[in-house]
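In terms of numbering that gives the first Met the number 0, the sequence shown opens at residue 0 and continues consecutively.
Quick notes on the structure that follows.
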Amino acid sequence: MRNIKRRICFLTLVLGFSTFVRSQETIEAVEQLLSQMTLDEKIGQLNLLTPGGGIATGSVVSENVEAKIKAGQVGGLFGVSGPEKVRQAQKIAIENSRLKIPLLIGSDIIHGYKTTFPIPLGTAASWDVGLIQKMAETAAKEATADGINWNFSPMVDIARDPRWGRIAEGAGEDPYLGSAIAKAMIKGYQGSDLSAPNTMMATVKHLALYGAAEAGRDYNTVDMGRLKMYNQYLPVYKAAVDAGVGSAMTSFNDIDGVPASGNKWLITDLLRNQWGFEGFVVSDYTSVNEMIAHGLGDLQTVSALALNAGLDMDMVGEGFLTTLKQSVAEGKITEVAITEACRRILTAKYKLGLFDDPYRYSDESRPAKDILTDGNRSLAREAAKRSFVLLKKQEDILPLKKKSKIALIGPLANNKNNMLGTWAPTGDPQLSVPVLEGFKNVAPKAKISYAKGANITDDPDLAQRANVFGTRVEIDERPSAVLLKEALDLSKEADVVVAVVGEASEFSGEAASRTDISLPKSQKRLLRELAKTGKPLVIVLMSGRPLTIAEELELPASILQVWHPGVEAGNAIADVVFGDYNPSGKLTATWPRNVGQIPVYHSMKNTGRPIEGDNFQKFKSNYLDVENTPLLPFGHGLSYTDFSYSNIQLNKDEIEQGESISVSVEVSNTGAYDGEEVVQLYLRDVVRTVTPPMRELKGFKKIFLKKGETKTVELTLRPEDLKFYNAALEFVAEPGEFEVFVGTDATADLKTSFRLK
0 MRNIKRRICF LTLVLGFSTF VRSQETIEAV EQLLSQMTLD EKIGQLNLLT
50 PGGGIATGSV VSENVEAKIK AGQVGGLFGV SGPEKVRQAQ KIAIENSRLK
100 IPLLIGSDII HGYKTTFPIP LGTAASWDVG LIQKMAETAA KEATADGINW
150 NFSPMVDIAR DPRWGRIAEG AGEDPYLGSA IAKAMIKGYQ GSDLSAPNTM
200 MATVKHLALY GAAEAGRDYN TVDMGRLKMY NQYLPVYKAA VDAGVGSAMT
250 SFNDIDGVPA SGNKWLITDL LRNQWGFEGF VVSDYTSVNE MIAHGLGDLQ
300 TVSALALNAG LDMDMVGEGF LTTLKQSVAE GKITEVAITE ACRRILTAKY
350 KLGLFDDPYR YSDESRPAKD ILTDGNRSLA REAAKRSFVL LKKQEDILPL
400 KKKSKIALIG PLANNKNNML GTWAPTGDPQ LSVPVLEGFK NVAPKAKISY
450 AKGANITDDP DLAQRANVFG TRVEIDERPS AVLLKEALDL SKEADVVVAV
500 VGEASEFSGE AASRTDISLP KSQKRLLREL AKTGKPLVIV LMSGRPLTIA
550 EELELPASIL QVWHPGVEAG NAIADVVFGD YNPSGKLTAT WPRNVGQIPV
600 YHSMKNTGRP IEGDNFQKFK SNYLDVENTP LLPFGHGLSY TDFSYSNIQL
650 NKDEIEQGES ISVSVEVSNT GAYDGEEVVQ LYLRDVVRTV TPPMRELKGF
700 KKIFLKKGET KTVELTLRPE DLKFYNAALE FVAEPGEFEV FVGTDATADL
750 KTSFRLK
């Protein structure tokens with residue numbers, strides 16, 4: 000045993016020394032290169048371009064971009080993929096620019112590359128960080144096979160307003176869960192060695208607070224105090240930094256009156272000085288230029304502001320390229336600041352191994368071996384079914400029998416174009432499995448009839464806005480009454496009706512904010528009429544956000560939320576509907592009763608006049624027309640089986656500062672099926688010097704239980720789980736009582752308590 004320990008210690012020392020040597024070699028190489036660079040060449044490294052639609056047939060880049068690469072005026076490209084095209088781009092840089100500096104090749108790979116996984120809000124609902132890491136590893140393997148070495152992901156923005164379309168791209172409302180997912184994704188993308196050919200540099204975005212845009216309107220201003228920032232919104236970004244993320248991307252919004260791309264407090268004081276971030280910072284698309292519209296000056300002024308704030312790379316806007324040299328001459332910025340930014344970008348390129356081999360991501364044999372493999376599609380199917388959330392179960396409708404006579408109804412029931420979800424630019428919708436095909440694959444003996452029943456929306460203006468990236472909403476020319484009658488006629492002959500309804504994929508995502516987050520009228524009418532048939536009804540709900548479905552929850556139907564499930568959508572949905580997999584997903588964002596209740600989330604604070612119970616009380620903090628409680632709480636998710644919780648215990652009643660405490664609970668499967676449950680632990684700091692949330696998520700564990708089985712589940716509260724930022728922005732744990740709640744969602748009522756000395 001001692002020999003084993005000695006060997007482990009020796010290997011640790013060797014690996015540590017090796018890492019140190021590589022780090023020193025990188026530093027020396029970067030400094031040597033910097034000493035040879037002109038000011039123009041340094042500025043060129045700060046320039047990120049996209050050829051966009053200007054790529055001529057057979058050429059990797061448009062003429063203008065190619066000329067800039069040759070002149071050493073480009074540090075990276077995005078919008079270029081494929082080993083041959085990436086090789087051509089690198090060849091231009093290596094063979095034509097004076098110093099032969101290779102290019103970063105970036106891309107938005109948000110939920111898979113060619114193998115498209117469920118939207119991130121969906122995969123977060125799996126509460127399975129191991130699965131999420133594996134998905135990121137797969138995305139990295141596919142993307143690097145296609146020439147990409149830099150990914151603009153993960154998006155970690157905390158989102159508590161479902162009107163905001165980009166809630167689809169993140170993990171939801173909670174910083175604890177969001178931090179765990181951020182770390183898993185970064186580990187998956189970057190691995191343990193950035194220079195490995197199947198890993199790529201990750202980018203944490205959007206720094207910062209982007210998910211708190213006023214009124215849920217994309218790109219809007221953010222107004223937030225420092226306490227809320229530090230305690231609720233910033234932890235996810237810090238978690239990414241702690242995980243070693245290679246780059247960070249600024250957000251479009253302003254913070255304390257200064258847009259993020261020009262905010263020195265954010266980029267330098269917080270990110271670099273407080274958190275110790277060592278990577279480089281890139282703007283979002285033209286966000287430097289957009290500071291002109293914010294009212295902060297002309298292009299030269301805002302470009303200087305961004306560089307002085309600590310921004311390293313300008314995405315697309317070219318303000319750095321065209322104005323920084325003049326600003327140096329006028330004393331508005333220093334060459335030292337430009338050199339620092341250039342140093343960080345060059346260091347990233349060295350870490351990626353691009354100087355050793357600029358063509359390392361240009362192996363033309365890899366795409367056929369690594370992209371859209373059977374194994375990758377199998378993982379996509381697994382990820383999808385584990386992300387589904389059973390919102391409501393009606394009697395024993397689900398799971399369906401595989402020999403049933405089924406009426407499959409709805410505008411999303413046989414629709415490939417909306418399965419992938421928003422922000423899947425590298426995926427091909429035509430390779431996705433629609434629900435009708437999935438049902439036939441999984442239940443070949445079932446008698447399945449299909450009717451559209453209704454349009455996704457009857458509003459042509461909304462349809463046009465959703466069709467920016469291709470046809471997502473196709474309005475049937477037949478009258479709505481004809482569509483409905485066809486669906487009802489089939490339903491009356493069926494044993495069970497399955498209605499597949501929800502949002503088109505581009506109803507959510509960037510620049511896709513909505514003030515009405517209910518189902519479109521055409522679909523609401525369809526569901527009401529289907530329910531009137533009296534046939535057992537299953538609603539399969541697709542969306543990129545929480546929806547207001549109070550009316551639908553009142554229908555006599557089981558409701559399965561499937562998000563936008565990705566390339567294996569239909570197969571995964573059929574796996575769950577027919578019982579091959581028991582749903583285990585849990586919501587990671589609260590579902591409101593109506594938009595007037597927004598924001599509503601699980602870690603809200605109490606007021607000085609809290610309401611007791613659900614009934615209206617005058618002179619208390621409540622509404623005249625609706626309950627305070629949400630429609631569906633954070634953590635909600637049912638199963639085909641049932642679980643009960645009992646016997647919560649602590650290993651100590653009192654702990655010292657810096658100590659951990661163990662929480663155990665017995666969980667029993669009391670139903671008729673084997674199943675998985677996400678055991679959730681919430682904490683309430685009863686008294687402290689700044690007002691505490693009513694409860695916060697501080698632990699979770701996903702377990703499998705056979706029917707009739709009971710397990711004792713143990714969760715650990717670490718010292719940092721008891722800490723918060725006080726009025727002085729000190730991260731502290733204050734003495735006093737802490738209440739612990741364990742259960743199936745954020746309303747868990749099984750509780751105990753302990754004291755911190």
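Backbone N, C-alpha and C fix where the C-beta goes; we use that ideal spot for every residue, glycine too.
Who are the near neighbours of residue i in its chain, counting only those whose CB is closer than 6 Å to its CB and skipping five residues on each side?
i    : result
K404 : K446, A493 and D494
G657 : P718
T688 : N725
N95  : K69
D744 : P632, G634 and H635
A181 : P153, V155, V235, A238 and A239
What are the residues that DSSP puts in a beta bridge with residue i?
i    : result
Q560 : V388 and L540
T711 : E665
P692 : K604
E567 : Looking at the DSSP assignment, E567 forms no beta bridge with any residue, so it has no partner.
V203 : A247
M184 : According to DSSP, M184 bridges with nothing at all.
K750 : F740
S106 : N150
M314 : L47
DSSP three-state label for residue i, please.
i    : result
M290 : helix
R97  : coil
E334 : helix
S504 : helix
K534 : coil
M223 : coil
G52  : Note that G52 scores a pLDDT of 44, beneath 50, so its modelled location is shaky; the value from the coordinates is reported in the next line. In the structure shown, G52 sits in a helix (DSSP, three-state: H, G or I).
M134 : helix
L397 : coil
S431 : coil
Q648 : strand
Y622 : coil
D684 : strand
N375 : helix
V59  : Residue placement at V59 cannot be trusted, given a pLDDT of 33 that sits under 50; what the coordinates show is reported in the next sentence. If DSSP states are grouped into helix, strand and coil, V59 belongs with coil.
L755 : strand
I787 : Shown here, the chain extends from 0 to 756; a query on residue 787 therefore has no answer.
W126 : coil
G422 : A small correction: the amino acid at residue 422 is Trp; Gly does not occupy that position in the sequence shown. In the structure shown, W422 sits in coil (DSSP, three-state: anything other than H, G, I, E or B).
P119 : helix
D217 : coil
W274 : coil
V467 : coil
Could you name the residues of the same chain whose beta carbon sits closer than 8 Å to that of residue i, not counting the 5 residues immediately before and after it, in chain order?
i    : result
K756 : E653, I654, E655, Q656 and P734
G759 : Coverage of the chain is limited to positions 0 through 756, which leaves residue 759 absent and any answer about it impossible.
L554 : L526, R527, A530, L536 and I538
V221 : L208, Y209, A211, A212, E213, N252, D253 and I254
L176 : A123, W126, A170, T587, L696 and F699
M603 : P692 and M693
Short of 7 Å in beta carbon distance, which residues of its chain neighbour residue i, apart from the five on each side in sequence? Order them along the chain.
i    : result
Y672 : N581, Y639, T640 and K706
Y600 : R159, E172, T589 and F633
L419 : T115, G426, P428, S431, S504, H563, G565 and V566
Using 8 Å for Cβ pairs, my map puts residue i next to residue j. What's the rounded Cβ distance?
i    : j    : result
T249 : L208 : Going by Cβ atoms, the distance from T249 to L208 rounds to 11 Å, so no, they are not a contact pair.
I538 : A556 : 5 Å
S507 : T456 : The Cβ separation is near 14 Å, so there is no contact.
V441 : V497 : That pair is no contact at about 13 Å.
L482 : K439 : Actually they do not touch by this definition, with Cβ atoms about 22 Å apart.
Is it a yes or a no for the region 151–162 touching the region 376–388, going by three-plus beta-carbon pairs under 8 Å? At 8 Å Cβ cutoff, the stretches do not touch.
Open item on the list: Is it the case that the region 741–751 contacts the region 637–646, given that we only count it when at least three CB pairs across the two stretches are under 8 Å?
Closed with: Remark: three or more beta-carbon pairs, one from each stretch, lie closer than 8 Å, so the region 637–646 and the region 741–751 are flagged as touching.
(message) Counting beta carbon pairs with one atom in the region 318–332 and one in the region 80–90, are three or more of them shorter than 8 Å?
(response) Verdict: no, contact absent.
Self-check item: Touch test, the region 525–537 against the region 471–489, Cβ-Cβ under 8 Å, three pairs minimum
Solution: Yes: at least three Cβ pairs fall under 8 Å.
> When the Cβ atoms of the region 581–588 are set against those of the region 611–626, are three or more pairs found closer than 8 Å?
Replying inline: As far as the Cβ criterion goes, the region 581–588 does not touch the region 611–626, which means the pair count is below three.
inquiry  = Within 8 Å, do at least three Cβ pairs link the region 88–101 to the region 162–182?
reply    = With the cut-off at 8 Å, the region 162–182 and the region 88–101 do not touch.
Should the region 542–549 be regarded as contacting the region 512–525, the criterion being three or more beta carbon pairs within less than 8 Å? When C-beta atoms of the region 542–549 are compared with those of the region 512–525, three or more pairs fall below 8 Å, so the two segments count as touching.
Fill in: Inter-stretch contact at 8 Å, needing at least 3 Cβ pairs: the region 108–115 / the region 130–139
Between the region 108–115 and the region 130–139 there are three or more C-beta pairs closer than 8 Å, enough to call the two in contact.
inquiry  = Across the region 36–51 and the region 303–320, are there enough close Cβ pairs to call them in contact, namely three or more that are closer than 8 Å?
reply    = Result yes; three or more Cβ-Cβ pairs closer than 8 Å.
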